[in-house]
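Residues in the sequence shown are numbered consecutively from 6, following full-length UniProt numbering.
Just so it is clear, CB atoms sit at the ideal spot from N, CA and C, and this is done for glycine as well.
Inspection log for the structure reproduced underneath, given as structure tokens.
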Amino acid sequence: GPTIGVLALQGDVREHLRALASLDVRAVAVRRPAELEAVDGLVLPGGESTTMATLARTFDLLAPLRRHVADGRPVLGTCAGMILLADRILDGAAGQETIGGLDVTVRRNAFGRQVDSFEGPVSVTGLDAPVHGVFIRAPWVESTGPDVEVLARVEVDGHDGEVLDRIVMVRQGPLMATSFHPEVGDDPRVHGLFVDLVTQI
Ligand code: GLN
Numbered sequence: 006g007p008t009i010g011v012l013a014l015q016g017d018v019r020e021h022l023r024a025l026a027s028l029d030v031r032a033v034a035v036r037r038p039a040e041l042e043a044v045d046g047l048v049l050p051g052g053e054s055t056t057m058a059t060l061a062r063t064f065d066l067l068a069p070l071r072r073h074v075a076d077g078r079p080v081l082g083t084c085a086g087m088i089l090l091a092d093r094i095l096d097g098a099a100g101q102e103t104i105g106g107l108d109v110t111v112r113r114n115a116f117g118r119q120v121d122s123f124e125g126p127v128s129v130t131g132l133d134a135p136v137h138g139v140f141i142r143a144p145w146v147e148s149t150g151p152d153v154e155v156l157a158r159v160e161v162d163g164h165d166g167e168v169l170d171r172i173v174m175v176r177q178g179p180l181m182a183t184s185f186h187p188e189v190g191d192d193p194r195v196h197g198l199f200v201d202l203v204t205q206i
């Protein structure tokens with residue numbers, strides 16, 4: 006199978022490596038540009054997007070990460086990783102940098118204004134049965150560009166008791182991103198979708 010890297014600067018790296026280990030791939034931690042070069046696909050884990058961006062700059066990885074995306078190589082971003090992939094961030098920290106490439110606007114800590122964390126079933130395009138979505142101070146996708154395919158939405162309570170549909174999983178070519186944490190728990194099906202994408206490219 007392919008070699009899948011997990012950016013290992015901060016966040017839930019071990020959980021992603023474990024989820025990938027249950028699939029037919031070689032899963033490796035990525036901390037240096039040479040390690041990034043060697044992977045077929047990359048996972049950006051959940052954690053704290055500002056910290057990860059700062060560490061990526063410190064470790065001279067920000068430019069190589071942007072090149073990885075610009076070269077059309079696959080990336081799965083989860084939660085903080087979704088923020089790092091987004092071209093535009095709402096409610097970001099002052100001067101917050103991204104890798105970019107995914108033509109979406111994400112709202113950081115979007116669900117957090119209602120409730121910090123929640124869990125529930127999420128129907129994902131391409132999977133027969135819903136996944137158990139774990140959302141932890143999660144972003145949502147506020148708007149998408151024309152080449153972005155929406156793979157999942159969840160309903161959240163808006164003002165006045167109205168129910169809003171929020172985008173929580175997207176794909177644009179070789180880039181895939183989730184608001185939730187597919188690495189938490191024991192269900193590698195979202196990672197499986199990403200591995201399928203890596204092997205098809
Ligand atoms: N709120 C975090 C951020 O802005 C993301 C949270 C997460 O990855 N669980 O980076």
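In this structure, DSSP gives residue 88 a helical state, which the three-state scheme calls helix. Under the three-state reduction of DSSP output, residue 46 falls in the strand class. Ranked by Cα distance from residue 205, the first of 25, 16, 77 and 69 is 77. The three-state secondary structure of residue 184, taken from DSSP, is coil. Within the same chain, and ignoring the five residues on either side of residue 6 in sequence, the residues whose Cβ sits closer than 8 Å to its Cβ are 28, 29, 30, 31, 200 and 204. For ligand 1, a non-hydrogen atom lies closer than 7 Å to the CB of residue 53. Of the candidates 146, 192 and 79, the residue whose Cα lies closest to the Cα of residue 88 is 146.
In the DSSP annotation of this structure, the continuous segment of the beta strand (DSSP E) that includes residue 157 starts and ends at 154-162.
In the DSSP assignment, residue 137 forms a beta bridge with 126. Annotation for residue 85 indicates a beta carbon within 7 Å of some heavy atom of ligand 1.
Restricting attention to 116, 41 and 193, the CA atom closest to the CA of residue 14 is found in 41. Remark: C-beta atoms of residue 116 and residue 161 approach each other more closely than 8 Å.
At a cut-off of 7 Å, the beta-carbon of residue 104 does not count as near ligand 1: no heavy atom of the ligand is closer than that. Nearest in C-alpha terms to residue 81, of all of 55, 22, 95 and 37, is 22.
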